[in-house]
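Here the sequence shown is numbered in the numbering used here, starting from 54 and rising by one per residue.
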Amino acid sequence: MSSTKYIFVTGGVTSSLGKGIISSSLAKLLQARGYSVTIQKLDPYINVDPGTLNPYEHGECYVTEDGAETDLDLGHYERFLNKPTSQDNNVTTGMVYQAVIEKERKGEYLGKTVQVIPHITDEIKYRIKKVAKKKRYDVVITEIGGTVGDIESLPYIESVRQMKWELGQSNSLVIHLTLVPYLAASGELKTKPTQHSVKVLLETGIQPDILILRTDRKLSDDIRNKVALFCNVDRNSVIESIDVSTIYMVPILMLHEKLDIIVLKKLDLVLNKEPGLRKWKTFLNKLNNPRHHIKIALVGKYVELPDAYKSISESFIHAGASNNCQVNVDFIQSETLHVRNYKRKLSAFDGILVAPGFGRRGIDGKILAARFARESNVPFLGICLGMQCAVIEFARNKLGFEGANSTEMDTETKFPVIDLMEEQKKVNQKGGTMRLGAYSCVLDKDSVPYKAYRKKIISERHRHRYEFNNKYLKDFENAGMKGVGINPGSELVEIIEIPKHIWFVGVQFHPEYSSTVIKPNPLFVDFIKAAVLFHTLEEKKIKPISKNG
Ligand code: GLN
Numbered sequence: 054m055s056s057t058k059y060i061f062v063t064g065g066v067t068s069s070l071g072k073g074i075i076s077s078s079l080a081k082l083l084q085a086r087g088y089s090v091t092i093q094k095l096d097p098y099i100n101v102d103p104g105t106l107n108p109y110e111h112g113e114c115y116v117t118e119d120g121a122e123t124d125l126d127l128g129h130y131e132r133f134l135n136k137p138t139s140q141d142n143n144v145t146t147g148m149v150y151q152a153v154i155e156k157e158r159k160g161e162y163l164g165k166t167v168q169v170i171p172h173i174t175d176e177i178k179y180r181i182k183k184v185a186k187k188k189r190y191d192v193v194i195t196e197i198g199g200t201v202g203d204i205e206s207l208p209y210i211e212s213v214r215q216m217k218w219e220l221g222q223s224n225s226l227v228i229h230l231t232l233v234p235y236l237a238a239s240g241e242l243k244t245k246p247t248q249h250s251v252k253v254l255l256e257t258g259i260q261p262d263i264l265i266l267r268t269d270r271k272l273s274d275d276i277r278n279k280v281a282l283f284c285n286v287d288r289n290s291v292i293e294s295i296d297v298s299t300i301y302m303v304p305i306l307m308l309h310e311k312l313d314i315i316v317l318k319k320l321d322l323v324l325n326k327e328p329g330l331r332k333w334k335t336f337l338n339k340l341n342n343p344r345h346h347i348k349i350a351l352v353g354k355y356v357e358l359p360d361a362y363k364s365i366s367e368s369f370i371h372a373g374a375s376n377n378c379q380v381n382v383d384f385i386q387s388e389t390l391h392v393r394n395y396k397r398k399l400s401a402f403d404g405i406l407v408a409p410g411f412g413r414r415g416i417d418g419k420i421l422a423a424r425f426a427r428e429s430n431v432p433f434l435g436i437c438l439g440m441q442c443a444v445i446e447f448a449r450n451k452l453g454f455e456g457a458n459s460t461e462m463d464t465e466t467k468f469p470v471i472d473l474m475e476e477q478k479k480v481n482q483k484g485g486t487m488r489l490g491a492y493s494c495v496l497d498k499d500s501v502p503y504k505a506y507r508k509k510i511i512s513e514r515h516r517h518r519y520e521f522n523n524k525y526l527k528d529f530e531n532a533g534m535k536g537v538g539i540n541p542g543s544e545l546v547e548i549i550e551i552p553k554h555i556w557f558v559g560v561q562f563h564p565e566y567s568s569t570v571i572k573p574n575p576l577f578v579d580f581i582k583a584a585v586l587f588h589t590l591e592e593k594k595i596k597p598i599s600k601n602g
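Structural data, given as structure tokens:
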């Protein structure tokens, strides 16, 4: 019998209540009390992974160290826990069905009718238990995507019901997150949606153990008592989750609500020590009391949905706090930048980040943004496609390579300065076939990234098919753009830098995936530091001159 305890988090009333943040906050508190915890997300869609989804659909696709393309909630899990997740931490309906159908074809169910119950539910339960086994976690928190009552999440809910029954009282529990809306017309908070949502859960055979109520104002004792009585939960298990200015406050709110103590008691786990949240609180203190304020332009093409750049936005928050700085990020739609307006539109920023992306749309604006940063000596960070744009820009305007491009945008270009990786040329399936996951990179000792990371070999996560074309490396280096981070095995250029510029770095990897509250990504920290310096010089009307004149 496993000693791992299982917590399931479901949501009701509406989506987007923040199950991911609640799961992460609870995990943080249990971790702070000395328990090893991991969080898993079950997604009800039929895509095998979100790698094939447009970011407008579900926001950013987050990449784990072991190269899985996953839901953005895994980013929150890592940022809160400061522990890597893996491909086992995200399960989709597509993955479950694919595995069951493959087994059926191999004859593993020979003679049987393959059905949702028990075959699909068994596969789901297997995957929930599998994540626990990997590192013998004390607690596994499994977040069920979607809202109870959705047709597509029924097999997950049924699996939770079965596991709860199999594991017994003190080995598992269900937390249900709902909304208590305020009706301005009657001046009241309403509990009926919560009651209905618990009813839906009861219809599937699950009695929630703890209710967490999202609200925009304080819940009175009367409301808590009412919810407890009508939803069959203990009075102290009705938890308030009030809106806050930053998601990083939620663990503190949950601590005040004693969520961790209630959970540990219900799971028969000892309250072995006071939660160690010193570093977390220091971070919050810095976040809430900034000494500097800067403005960064994030140039991308999915900006209408800020979730598309979730990890980048969070990295700015971590790096900002570590520099005692509030980073105000303006999202700029790259399609709106033109030769006529780009200087004006970009002139008020202390730093420019050109975002990752795929395909032709919006590429010209990204190239203009890189040009502006280079020519005006404004701190610049280009990530993945952002780095590729900086390379294209440099080739066209500094090296005079007319029409230089990435072969992703123009297969016929005379100067393919960014080209398809060798191993990508044979690939014709789209799902899960990019260069994915963590790769190591050797840094040039005389470079900005080396000063930022303070080590020679780093490891960061990738998600791309194209790369810097080494055929042109000498031309670039002679003109002032250097390859300062190289993959030791393949010689791929992973980082470019313009050493004479105040701070101009492009990275083929995604530094934003590894930034956490406790360990902000060093490159982001250094970028913000440069932006703060730039801001100070601008304020003093000292024109930031490039290094060496
Ligand atoms: N589209 C580019 C490539 O595949 C960049 C990808 C990205 O920005 N993640 O190489």
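Backbone N, C-alpha and C define an ideal beta-carbon position, used for all residues, glycine too.
Selected residue, minimal CA-CA separation from Gly73, among Ser89, Tyr59, Leu83 and Leu95
It is Leu95.
Where does the unbroken alpha helix (DSSP H) through Lys7 begin, and where does it stop?
Residue 7 falls outside the range modelled here, since the chain spans only 54 to 602, and no answer is possible.
Where Glu544 falls: helix, strand or coil (DSSP):
coil
Given that a residue counts as buried once 16 or more other Cβ atoms are within 10 Å of its Cβ, and exposed if not, what is Asp274?
Exposed: under 16 other Cβ atoms inside 10 Å.
Where the beta strand (DSSP E) containing Leu452 begins and where it ends:
Per DSSP, Leu452 is not a residue of any beta strand (DSSP E), being assigned neither H nor E.
Contacts around Ser500, its chain only, beta-carbon distance under 6 Å, and the 5 residues preceding and following it disregarded:
Val537 and Glu550
Confirm, please, whether the CB-CB distance from Phe336 to His35 is below 9 Å.
One cannot answer for residue 35 here, as it falls past the ends of the chain, which runs 54 to 602.
Confirm the yes/no value for this check: CB of Tyr109, any heavy atom of the ligand GLN, distance under 8 Å.
no
Asn143 beta carbon less than 9 Å from that of Gln689
An answer regarding residue 689 cannot be provided, because it is not within the stretch 54 to 602 covered by the chain.
Examine the ligand GLN and report whether any of its heavy atoms sits within less than 8 Å of the Cβ of Glu520.
yes
With DSSP as the reference, label Ala457 as helix, strand or coil.
coil
Counting beta carbon pairs with one atom in the stretch 325–342 and one in the stretch 62–80, are three or more of them shorter than 8 Å?
no
Nearest neighbour of Lys582, chosen from Ile365, His346, Met474 and Phe384 [CA to CA]
His346
Which class does Arg516 belong to by DSSP, given the choice of helix, strand or coil?
Reduced to three states, the DSSP call for Arg516 is strand.
Every unbroken beta strand (DSSP E) inside the stretch 361–396 [3 residues or more]
378–386
Could you name the residues of the same chain whose beta carbon sits closer than 6 Å to that of Val303, not counting the 5 residues immediately before and after it, in chain order?
Ile74 and Ser78
Supposed close pair Glu520, Asp472 - CB separation, criterion 8 Å
7 Å
Boundaries of the beta strand (DSSP E) in which Ala121 is found, first to last residue
Premise fails: Ala121 is in no beta strand (DSSP E) and is neither H nor E.
Pro409: CB within 8 Å of a non-hydrogen atom of the ligand GLN:
For Pro409, the shortest separation between its Cβ and any heavy atom of the ligand GLN lies below 8 Å.
With three or more beta-carbon pairs closer than 8 Å as the criterion, would you say the stretch 442–451 touches the stretch 527–534?
Counting Cβ pairs under 8 Å, three or more are found: they touch.
The ligand GLN heavy atoms versus the CB of Arg414: any closer than 8 Å?
no
Could you check which residue in Ser56, Val585, Asp528 and Ile314 has the C-alpha nearest to that of Lys182?
Considering only alpha carbons, the answer is Ser56.
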